[in-house]
Amino acid sequence: MLLEPDIQKLAIESRQRLVQEFADKYANLRERVRRVPESDARKISEEISCPLEIALIAYLINMDGIMGVKQAVMLLSAELQRRAVVGEDIPNLPGNIMEFALNEGRWISHIYGDFVRQLEIQVRGLANLEEGIQGTSIEVERALSIIAARTKMSETLIAPVVEEWYKEHSKATSMDALIAFGQAITKWNISTLNGKFIQVQRRVMALFRVLRESFLTASDSFIMDANINRIDSLIEELGKPFDEMSQRAVSHFLLHLTPRLATGRGDRSPYVTIGVTSTRGNKAEPDLTSPFDFLERDVKLAKRRIGTERDDYLKQKVARVMRVLKHQGNTQAESVEKCLNELVDRLGVQDSLVDKIIEDSKIAIASVPEAERDQLSVKIVFDFIASNVYGEDAV
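Using the numbering used here, read the sequence shown as starting at 6 and increasing by one per residue.
Listed below in structure tokens is the structure:
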């Protein structure tokens with residue numbers, strides 16, 4: 006069981022990382038927006054009828070592979086409208102609109118990108134614990150594990166992000182937060198999301214009641230009493246109207262909303278399974294929301310090819326990823342480093358020399374003329390994949 010001081014410590018660490026990431030993301034967007042072709046931005050502005058500043062940020066969000074231009078414009082415009090409704094209008098001046106678009110663009114990129122990806126990775130372990138819960142009988146040890154896993158994810162991963170979101174979205178309600186994060190997590194439109202809210206609310210409260218029941222049968226102890234008190238408090242908070250929920254309740258609600266991958270075991274819990282499907286579509290490919298998602302997919306797809314056909318295919322796909330990373334403001338050396346680290350993390354590559362390869366690549370890239378660096382960076386990533394992912398199958 007996670008104790009309150011441990012929860013607070015982990016939440017503070019998550020919040021500190023988020024603040025630094027947002028500072029970097031803001032600086033990155035501000036720098037890159039200057040390089041967006043004005044003709045492209047004006048075309049978006051005219052076609053979708055939005056301010057040029059909104060079009061500029063939507064263009065960058067699209068270039069990052071987060072979402073399409075129209076969806077980005079819709080989300081930015083929705084927040085503009087919300088602020089106007091609550092009396093926090095953004096002055097209709099280019100500078101003010103740009104500052105709003107930069108700040109809100111950060112949130113859209115983070116929620117629909119890193120946040121959702123991290124959430125779906127972390128929820129896989131929780132899903133294994135939750136599967137098979139059918140009735141009101143569950144082992145105390147398993148119930149404790151579920152509570153600990155849910156608390157860690159909700160209150161140290163989700164809650165810090167939600168708390169920062171509230172700070173930057175003046176007069177936002179818990180319903181606003183549920184919609185903003187819920188759309189990203191489920192990929193549903195607002196009407197579908199609203200229709201599922203009551204069902205999710207009932208199921209998460211029912212699950213907590215089942216977990217609570219298991220503690221009542223255990224021998225009396227401080228841990229059991231503490232868990233029962235925590236669950237009682239959570240059930241009460243989750244039972245509130247959607248626009249009156251606490252930040253903690255919002256975080257637990259969003260965790261319950263997060264898709265669980267189907268295992269085919271046939272014993273999925275009715276308390277968790279509510280017809281939510283994974284954004285991966287239960288397919289082999291990853292979510293296609295970042296350049297590295299595309300890289301992971303293409304590396305797997307290239308396995309189906311042989312010889313020069315595989316090489317040509319993969320080099321073309323790696324070059325595309327490197328172009329996107331370069332457009333995002335990364336140098337060739339930074340792009341190589343990010344690609345190799347992502348490949349090690351995503352594909353489970355066991356290579357203790359990856360740090361040395363990265364350092365050698367920086368020296369090699371710096372030693373060749375600028376005109377040759379793009380081609381060399383592609384070759385370094387390609388060679389790493391051929392040697393460490395395909396191995397003997399590379400020929």
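Glycine included, every Cβ here is placed at the ideal spot set by N, Cα and C.
Next item on the list: Give me the Cα-Cα distance between residue 405 and residue 243, rounded to the nearest whole angstrom.
Entry: The question about residue 405 has no answer here: the residues shown for the chain are numbered 6 through 400.
Next item on the list: Kindly list the residues whose CB is nearer than 8 Å to the CB of residue 154, restricted to its own chain and excluding five residues on each side of it in sequence; keep chain order.
Entry: 130, 131, 134
Next item on the list: Verify whether the separation of the beta carbon atoms of residue 311 and residue 338 is less than 8 Å.
Entry: no
Notebook entry, point to check: So, is residue 47 buried or exposed, given that buried needs 16 or more other C-beta atoms within 10 angstroms?
Noted result: exposed
Check: Contact between the segment 345-354 and the segment 383-390: three or more CB pairs below 8 Å?
Finding: yes
Note to self: Quick check: the Cα distance between residue 372 and residue 166, rounded to an integer number of angstroms?
What the structure shows: 42 Å
Note to self: Quick check on DSSP: helix, strand or coil for residue 98?
What the structure shows: coil
Next item on the list: Spell out whether any CB of chain B is found under 8 Å from the CB atom of residue 66.
Entry: In summary, chain B is missing from the structure at hand, where a single protein chain is found.
Check: If you drop the 5 nearest sequence neighbours on each side, which residues of the same chain put their C-beta closer than 6 Å to that of residue 111?
Finding: 27, 30, 31
Notebook entry, point to check: How many whole angstroms separate the CB atoms of residue 220 and residue 229, which I take to be in contact at a CB cut-off of 8 Å?
Noted result: 5 Å
Next item on the list: Output yes or no for whether 8 Å exceeds the beta carbon distance between residue 91 and residue 172.
Entry: no
Check: Excluding five sequence neighbours on each side, which residues of the same chain lie with their C-beta closer than 6 Å to the C-beta of residue 178?
Finding: 248
Notebook entry, point to check: Does the segment 113-124 come close enough to the segment 180-194 that 3 or more CB-CB pairs lie under 8 Å?
Noted result: yes
Note to self: What would DSSP say about residue 347, mapped onto helix, strand or coil?
What the structure shows: helix
Checklist line | Three-state secondary structure assigned by DSSP to residue 41 | finding: coil
Item checked: Pair within 8 Å by beta-carbon distance, residue 37 and residue 334 -> yes
Check: Can you name the start and end residues of the alpha helix (DSSP H) that residue 170 belongs to?
Finding: 164-173
Next item on the list: Assuming residue 19 contacts residue 162 (C-beta within less than 8 Å), just tell me the rounded distance between them.
Entry: 6 Å
Checklist line | Among 69, 75, 143, nearest to residue 55 - alpha-carbon criterion | finding: 75
Check: Would the beta-carbon of residue 329 fall within 8 Å of that of residue 72?
Finding: no
Notebook entry, point to check: In chain order, which alpha helix (DSSP H) runs of at least 4 residues are fully inside the segment 69-128?
Noted result: 74-90, 99-115
Checklist line | Nearest-angstrom Cβ-Cβ length linking residue 215 and residue 143, presumed shorter than 8 Å | finding: 6 Å
Check: Looking at C-alpha atoms only, which residue of 127, 42, 262, 245 is the closest neighbour of residue 200?
Finding: 262
Margin query: Which residue wins for smallest C-alpha separation from residue 185, given the options 259, 15, 265?
Written below: 259
Next item on the list: May I ask which residues mark the beginning and end of the alpha helix (DSSP H) holding residue 409?
Entry: Outside the displayed range of the chain (6 to 400) lies residue 409, so it cannot be described from this structure.
Next item on the list: Return helix, strand or coil for residue 334, following the three-state DSSP convention.
Entry: coil
Next item on the list: Would you mind reading off the limits of the alpha helix (DSSP H) that contains residue 311?
Entry: Neither: residue 311 is in no alpha helix (DSSP H) and is coded neither H nor E.
Next item on the list: Indicate whether residue 160 and residue 17 have their beta-carbon atoms separated by less than 8 Å.
Entry: no
Next item on the list: Express the C-alpha separation of residue 305 and residue 299 in angstroms, rounding to a whole number.
Entry: 10 Å
Checklist line | Nearest neighbour of residue 82, chosen from 106, 360, 364 [CA to CA] | finding: 106
Note to self: Let me make sure I understand the geometry here. Which of 380, 22, 362 has the alpha-carbon closest to that of residue 392?
What the structure shows: 362
Next item on the list: Measure how close the beta-carbons of residue 354 and residue 323 come, nearest whole angstrom, since I'm counting them as under 8 Å.
Entry: Actually they are not in contact, since the Cβ atoms of residue 354 and residue 323 sit about 15 Å apart, beyond 8 Å.
Notebook entry, point to check: Hey, residue 102 and residue 59: beta-carbon distance below 8 Å or not?
Noted result: yes
Checklist line | Buried or exposed (CB count within 10 angstroms, at least 16 for buried), residue 89 | finding: exposed
Note to self: Is it buried or exposed, residue 196, if we count other Cβ atoms within 10 angstroms and call 16 or more buried?
What the structure shows: exposed
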